Amino acid sequence: MIEIKKLGKTFDDATSKTVALKNINLTIEDGDIYGIIGLSGAGKSTLVRCINLLEKPTTGEILIDGEDLCKVSKDRLREIRKKVAMIFQSFNLLQQRSVLKNVELAGEINNIPPEERKEKAIKLLKTVGLGEKLDSYPAQLSGGQQQRVAIARALMNDPKVLLCDEATSALDPETTRSILELLKKLNKSLNLTIVIISHQMSVIEEVCNKVAIIDKSQIVENGNLQDVFLKPQSEAAKKIIYSGRVSTGVKGEKFVKLMFDGEIQQPIITNIIQECNILLSIYYAESKVIAGKTYGQIIFRLPYYEEDIDKLKSYLAKNGVACEEVDSDDLY
Amino acid sequence: MTFIDILVATGETLLMTILSTILAYLFGLPCGIVLNTTSKNGVKPCKWLNNLVGVVVNILRSIPCLIIIVLCMPWTRAWLGIGSGAWYTILIPMTVCAFGFVARMVEQSLMEVPAGVIEAAKALGATDFQIIKKVLLPEARVSLISGVAVVAVSILGYTSFAYNIGAGGLISTVYTYFTRHTGDYMKSWEFWVLIAIIVAIVQLIQEGGLLLAKKLDKRKSLK
Ligand SMILES: Nc1ncnc2c1ncn2[C@@H]1O[C@H](COP(=O)(O)OP(=O)(O)OP(=O)(O)O)[C@@H](O)[C@H]1O
Ligand SMILES: [Mg+2]
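Chains as they are written, first to last, in the working numbering: chain A, 11 to 342; chain B, 2 to 224.
Here it is in C-alpha cells:
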C-alpha cells in the first residue's frame, strides 16, 4: 500500500520558485490500477517521481507499506526502488545494449547470478511478447516494442508497484491499447499495483479502477473511476473529463443531457418520441465502457413548449433515466 | 639519413604518442568522470570536489606545454635518471600537458548520455558506481573512442616539443633536417618521406578511431 500524506514539492532555483505539488493526500491499495490525470504542468510527473523518490519531497510523507521513504537510509531506498519499478514516456533503454542485456541490467544491479538473470530475462521478454528479439538493439525496435522491453526490465526484480509516467504517450492508439492490455494482464497475474500518469482520458478509462485528478499542483478529486468520471464535481475535473467532447455550435439555448448506464434496456429516444409525442433533434451522443460497464450520454435541445418539457421530465423520472438541463454555454 | 634512422624516428613518435595517450587517460579519465558526476546535474553532485578538480584541470591546461616540460624536468630526472635526451623523457610532461584536455573531453562525452537513461538506472536501484560502470561509460563509448583519436592526434602534434629536449621522433627529425639543409631541404626525398609518414600516422589514428567507434555503435549502424 502506498500512502501519500500532505506531500508538497517546491522547485527552488536560483532565479525562481515553482510550486509543483501542494498538500497531496492519496492512498493506493495493493492491486489497484490508479490513474492520475491532469493538464500539462499540473504536477503529474513530479508526483509520480516522488513515489520512488527520484524527486525529493519538500514536505510530507511517502509511506510504502508503512515505511516513510523520506526517512530511510540510501541503501534501504535502493532496496525499495527495486520493488517500485518505473517506466517512462521515452522508454529510456540503453542504446548500446541488446534487448536481452537491457533487461538483464536490472538483474545485474540486483546482483542476480548471470545464469539465473539471463533465464529470467528471457522468460520476461517472452511474457511481453518479444521472445524473438533478444539480440536486437533498441534502435531496431518500434516504440511499442521498446516500451515492452522497458516493462520486462521493470519486472526483473519482482516489483510490487509499477509507476508509469506517460508510458503510452509516444505511441499510436493501437499500440497504446496493446500496452494497456499487457499492463492489465500483469496487474491480474502478478497482483501488481500500477500507477498510471496520463493526460489522455482514454488511457485512464481503459485500465484504471481508481483515478485522481490533479489541477494546479493539487488533487481536486479522486475515487473510483466510475464515480469520478461519470459525476465529476469540480470545475477542473469537468474540464478535463469533457474537454472538447461536446460542441453544438449553438449559443444561448437550453439543452437536455441524458445520462444512462448499461442497465437500461429500452430504446429511450424512440419511446420519448412515441409516448410523449415530441420531436427531438440530437446534438451529441456517445457511449463508452468504463470498468466493464457501458455508459452513455445524449444531448438534445429542450422542447419549446412548457407542456412538452413537463411530459418529457415526468417520462424520464418514471423510467429512472438521469437527466439535467444545461445551457449551451455550459456544455463542455 | 638512412632507412634505419627513419625507422627509429617513427618508432619514437609512435611510442611517445601511444604511451602519453595511455598515461593521459589513466589520470584524465577518472578526472573526467569526477567532473561529470559531481556537477550540478550529475549522478552525485558535489560542489567542492567539482570545483577543485575543475580548477586543477584549468590551471594545467592554461600553462603552455613547453613550460610544463621545463617544470617537470626535476621529476623526470629523479624518476627516469635523465631529464632530457631520450624519447621517454617527454612522457611525464606530455601526460601533465594532456590529462586536463582528456578530462574535459571525457566530461563532454559523458554529458551526451541522456538524463533519462541514468534516471532509469536510478529507479532500478543502482548505486552511483553501478551507474558509472554500467550506464555512463558504456553508453558514451562511441564518443569516448572518437575522443581518444582526437587526443592521440593532438599529442602527436605536441611531440614537436621533443626537439627542444632532444627526445627525437619524426617531427624533431624533420626540423633537424631542415636546420642542416636550409638551402635545399625541399628538394630532398627524405624530407618528404618523413612528412608523409607523419600524415599517414595521423590518418591512421583518425580513421581507425572513427571506424572502431562506428563499429561499436549500436544506435545507427544496424538500421
Ligand atoms: N526540475 C524542475 N525544476 C524546476 N521546475 C520544475 C522541475 N520539474 C518540474 N518543474 C515544474 O513543476 C511543475 C509541474 O511539472 P510536471 O512535470 O510535474 O508536470 P506534468 O503534469 O507532468 O506535465 P506534463 O503533462 O507536461 O508532463 C511545472 O510548472 C514545471 O515547470
Ligand atoms: Mg509529465
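By construction, the Cβ of each residue, glycine as well, lies at the ideal position given by its N, Cα and C atoms.
Owing to the predicted nature of the structure, the values given are computational and were not obtained by experimental measurement.
Quiz prompt | Contact list for the segment 133–162 of chain B against chain A, Cβ threshold 8 Å | solution = Hits within the stretch, in order: K135, V136, P139, E140, R142, V143.
Quiz item: In the structure shown, what three-state DSSP assignment does I43 of chain A receive?
Solution: In the structure shown, I43 of chain A sits in a strand (DSSP, three-state: E or B).
Quiz item: Which value, in whole angstroms, describes the spacing of the CA atoms of K194 of chain A and V217 of chain A?
Solution: Taking the straight line joining both Cα atoms gives about 7 Å.
Practice problem: State the DSSP-derived secondary structure class of Y293 of chain A, mapped to helix, strand or coil. | Solution: When DSSP states are grouped into helix, strand and coil, Y293 of chain A belongs to the strand group.
Practice problem: Please compile the residues from chain A whose C-beta is within a distance smaller than 9 Å of the C-beta of A87 of chain B. | Solution: Those do not exist, as A87 of chain B stays about 41 Å from chain A at its closest Cβ, beyond 9 Å.
Quiz item: Residues in its own chain within less than 6 Å of E13 of chain A by CB, not counting five upstream and five downstream?
Solution: Counting only Cβ-Cβ distances below 6 Å, and skipping sequence neighbours, we find T37, L73.
Exercise. Using 7 Å as the cut-off, classify the Cβ of K54 of chain A as near or not near the heavy atoms of ligand 2, replying yes or no.
Key: For ligand 2, at least one heavy atom lies less than 7 Å from the Cβ of K54 of chain A.
Quiz item: Measuring CB to CB, does S21 of chain B end up less than 8 Å from L92 of chain B?
Solution: L92 of chain B sits close to S21 of chain B, with the two beta carbons spaced by under 8 Å.
Quiz item: Is there contact here, the segment 44–62 of chain B with the segment 199–216 of chain B, by at least three beta-carbon pairs under 8 Å?
Solution: Note that the segment 44–62 of chain B does not touch the segment 199–216 of chain B; fewer than 3 beta-carbon pairs, one per stretch, sit closer than 8 Å.
Quiz item: Fully enclosed by the segment 180–214 of chain A, which alpha helix (DSSP H) runs are 4 residues long or longer?
Solution: Runs of the alpha helix (DSSP H) lying entirely within the segment 180–214 of chain A and spanning at least 4 residues, in chain order: 183–200.
Exercise. Provide the residue span of the beta strand (DSSP E) that contains M96 of chain A, from first to last.
Key: For M96 of chain A, the enclosing beta strand (DSSP E) has its first and last residue at 94–97.
Quiz item: Would you call A95 of chain A buried or exposed, if buried means 16 or more other Cβ atoms sit within 10 Å of its Cβ?
Solution: Buried: at least 16 other Cβ atoms inside 10 Å.
Practice problem: Please determine, among B:V194, B:R105, B:I70, the residue with the shortest C-alpha to C-alpha distance to G167 of chain B. | Solution: Among B:V194, B:R105, B:I70, the Cα nearest to that of G167 of chain B is on B:I70.
Quiz item: Which residues of chain A have a Cβ atom closer than 9 Å to the Cβ of E120 of chain B, listed in chain order?
Solution: Within 9 Å Cβ-Cβ: R59, L64, M96, F98, N102.
Quiz item: What does a CB cutoff of less than 7 Å around S297 of chain A pick up in its chain, not counting 5 residues either side in sequence?
Solution: T304, Y305, G306.
Quiz item: Between A:Q99, A:G154, A:D22, A:K143, which lies nearest to A121 of chain B when the distance is taken from Cα to Cα?
Solution: Nearest of A:Q99, A:G154, A:D22, A:K143 to A121 of chain B, Cα basis: A:Q99.
Quiz item: Relative to the C-alpha of F265 of chain A, which residue among A:S108, A:Y147, A:S291, A:R59 is closest?
Solution: Among A:S108, A:Y147, A:S291, A:R59, the Cα nearest to that of F265 of chain A is on A:S291.
Exercise. Look up G70 of chain A in the DSSP assignment and say whether it is helix, strand or coil.
Key: The answer is strand: DSSP assigns G70 of chain A an E or B state.
Practice problem: Express the C-alpha separation of D129 of chain B and N37 of chain B in angstroms, rounding to a whole number. | Solution: Straight across, the Cα-Cα distance linking N37 of chain B with D129 of chain B is about 12 Å.
Quiz item: In whole angstroms, what is the alpha-carbon distance linking S179 of chain A and P123 of chain A?
Solution: Looking at the two C-alpha atoms, the distance is approximately 35 Å.
Practice problem: Compare the C-beta of A214 of chain B against all C-beta atoms of chain A and say whether one is closer than 8 Å. | Solution: For A214 of chain B, the answer is no, since every Cβ of chain A falls outside 8 Å of its Cβ.
Quiz item: Would you call the segment 130–143 of chain A and the segment 155–170 of chain A touching, i.e. three or more CB-CB distances under 8 Å?
Solution: By the Cβ test, the segment 130–143 of chain A is in contact with the segment 155–170 of chain A, since at least three Cβ pairs between them sit closer than 8 Å.
Quiz prompt | Boundaries (first-last residue) of the alpha helix (DSSP H) holding F239 of chain A | solution = Its alpha helix (DSSP H) spans residues 235–240.
Quiz item: Which residues in chain B sit within 8 Å of L240 of chain A, going by Cβ to Cβ distance?
Solution: What L240 of chain A touches in chain B: nothing, since even the nearest Cβ is about 34 Å away.
Quiz prompt | Distance cut-off 7 Å: F100 of chain B Cβ against heavy atoms of ligand 1 | solution = In this structure, F100 of chain B has its beta carbon at no less than 7 Å from each heavy atom of ligand 1.
Practice problem: Kindly indicate which three-state DSSP category L223 of chain B falls into: helix, strand or coil? | Solution: With a pLDDT of 49 at L223 of chain B, under the threshold of 50, the modelled position of this residue cannot be trusted, and the question is left open.
Exercise. Let me know the beta strand (DSSP E) ranges lying completely inside the segment 157–181 of chain A, each 3 residues or longer, listed in chain order.
Key: With a minimum length of 3 residues, the continuous beta strand (DSSP E) runs that stay inside the segment 157–181 of chain A are 171–175.
Self-check item: Nearest-angstrom Cα separation, counted from E334 of chain A out to L172 of chain A
Solution: Between L172 of chain A and E334 of chain A, the C-alpha separation is close to 40 Å.
Exercise. Give the residues from the segment 97–126 of chain B that approach chain A closer than 8 Å (Cβ to any Cβ), ordered along the chain.
Key: Residues P115, G117, V118, E120, A121, A122, K123, A124, L125, G126.
Quiz item: Does any heavy atom of ligand 1 sit closer than 7 Å to the C-beta of D218 of chain B?
Solution: Every heavy atom of ligand 1 is 7 Å or more from the Cβ of D218 of chain B, so no.
Quiz item: Residues bridged to E118 of chain A by DSSP?
Solution: The bridge partners DSSP lists for E118 of chain A come to none.
Exercise. Answer with buried or exposed for D320 of chain A, where buried requires no fewer than 16 other C-beta atoms within 10 angstroms of its C-beta.
Key: Exposed is the call here.
Self-check item: Proximity test, Cβ basis, 8 Å: T39 of chain B and chain A
Solution: Not a single C-beta of chain A is nearer than 8 Å to the C-beta of T39 of chain B.
Self-check item: L268 of chain A to V299 of chain A span [Cα, whole Å]
Solution: Cα to Cα, L268 of chain A sits roughly 16 Å from V299 of chain A.
Quiz item: N281 of chain A lies in the alpha helix (DSSP H); which residues open and close that run?
Solution: Bounds of the alpha helix (DSSP H) holding N281 of chain A are 278–281.
Quiz item: Is D40 of chain A near ligand 2, going by C-beta to nearest heavy atom under 7 Å?
Solution: For ligand 2, not one heavy atom lies less than 7 Å from the Cβ of D40 of chain A.
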